[in-house]
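Residue numbers (my numbering), protein chains in the order written: chain R, 4 to 111; chain B, 174 to 399.
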């Protein structure tokens, strides 16, 4: 599983078992020098706790914020970050790459 | 992701089965496709290579835009021979994400003190290898130099779908091994699957550098196919 860290899915399974509401974010496309490969994952709970990585730290904050919304709405969403996107630049994908991240509620 | 889909992904990992999680990005519809059944899927034309090269990605087809997430079993390296070079290979293999299994029937070599924190079998390869489930995510290194131990391992490796087979030994020893394999009923193309002398030629001197050359070759075969 290039890009996937199996411990992230284990963490997600454990959180679900604990009765927590969980979202899963997965890098689905990258361009340029994106720091994390396609398949990299971040698991987020409703309180904003997270494990894993989708960008080596650059956009995790923004993904977590979206993920909390997605946990309550139940609707998956594709997010795009990159230098061409002003908002993304603000949250700082400073490596110069672009990524798309699919965020979905897990187990709901 | 629905709970049953998530459980299928986790179960596949436990059972060392390759699956793809296919997500239709427009509506979130998902399905789990086993590698064995990939030919029946509408994305069959991309799934084969995606599994082979462990390459997840987005694919646009007339039916929509799909994210194909490849969940291949963990990489595994089976090392025949609890020898010095094995000790040098193990930390590199583990760092690259391999589960490592060492097999050596010689009890004096296969000790927990020499090989801490890995799966160690002090048994003959022809007893233990059939129980391991040698699959396309497994590589085999025959490192003992001893035909009594290496040859039966290579027989089983050649009958399996392992992605990499390497055997330590000089060109002269490789030729002699080839003759023994022919005698055992294997073909030239079978023998061509064996990388020997093992490792990329980087002028390696000593066990640590040989270990680097071996893992470089294993990586090249894994990622580029040859």
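Think of the CB as a built atom: it goes at the ideal place given N, C-alpha and C, for glycine as much as any other residue.
Only a predicted model underlies this, so the values are computations on that prediction, with no experimental measurement involved.
Three-state secondary structure (DSSP) at residue i?
i              : result
residue 272(B) : strand
residue 259(B) : helix
residue 304(B) : helix
residue 400(B) : With chain B covering only 174 through 399, there is no way to say anything about residue 400(B).
residue 48(R)  : strand
residue 64(R)  : helix
residue 182(B) : helix
residue 29(R)  : strand
residue 83(R)  : strand
residue 42(R)  : coil
residue 74(R)  : helix
residue 354(B) : helix
residue 35(R)  : coil
residue 188(B) : coil
residue 193(B) : strand
residue 57(R)  : coil
residue 254(B) : coil
residue 389(B) : helix
residue 265(B) : helix
residue 10(R)  : helix
Below 8 Å CB to CB, which residues in the same chain sit around residue i once its five sequence neighbours on both sides are set aside?
i              : result
residue 57(R)  : 28, 29, 30, 39, 43, 44, 45, 63, 66, 102 and 104
residue 343(B) : 370
residue 368(B) : 337, 338, 339, 340, 390 and 394
List the residues of chain R whose Cβ lies closer than 9 Å to the Cβ of residue i, in chain order.
i              : result
residue 176(B) : 19, 109, 110 and 111
residue 391(B) : Going along chain R, no residue has its Cβ under 9 Å from residue 391(B), so there is no contact; the nearest lies around 15 Å.
residue 179(B) : 12, 15, 16, 19, 27, 109 and 110
Listing by chain order, which chain R residues have their CB less than 7 Å from the CB of residue i?
i              : result
residue 240(B) : 31 and 105
8 Å is my cut-off, CB to CB: does residue i come that close to chain R?
i              : result
residue 198(B) : yes
residue 237(B) : no
residue 201(B) : yes
residue 221(B) : no
If you measure from the beta carbon of residue i to each beta carbon in chain B, is any gap under 8 Å?
i             : result
residue 79(R) : yes
residue 55(R) : no
residue 45(R) : no
residue 59(R) : no
Excluding the 5 residues preceding and the 5 following residue i in the sequence, name in chain order all residues of the same chain whose CB lies nearer than 6 Å to its CB.
i              : result
residue 382(B) : none
residue 377(B) : 383 and 386
residue 364(B) : 351 and 354
residue 276(B) : 253, 294, 298 and 301
Name the chain R residues whose beta carbon is nearer than 8 Å to that of residue i?
i              : result
residue 183(B) : 12 and 16
residue 156(B) : What is shown of chain B runs 174 to 399, which leaves residue 156(B) out entirely.
How would you list, in chain order, the residues of chain B whose beta-carbon sits under 7 Å from the beta-carbon of residue i?
i             : result
residue 41(R) : 229 and 230
Suppose the cutoff is 7 Å on Cβ atoms and the five residues either side in sequence are ignored; what does the same chain contact list for residue i look like?
i              : result
residue 388(B) : 262, 265, 266 and 269
Kindly confirm or deny that the stretch 351 to 368 of chain B and the stretch 286 to 293 of chain B touch, where touching means at least three C-beta pairs closer than 8 Å. no
Whether or not the stretch 176 to 187 of chain B and the stretch 225 to 240 of chain B are in contact is what I'm after, with contact meaning three or more pairs of Cβ atoms, one per stretch, closer than 8 Å; do they touch? no
Check whether the stretch 317 to 328 of chain B touches the stretch 243 to 262 of chain B, counting contact only when three or more Cβ pairs, one atom from each stretch, lie closer than 8 Å. yes
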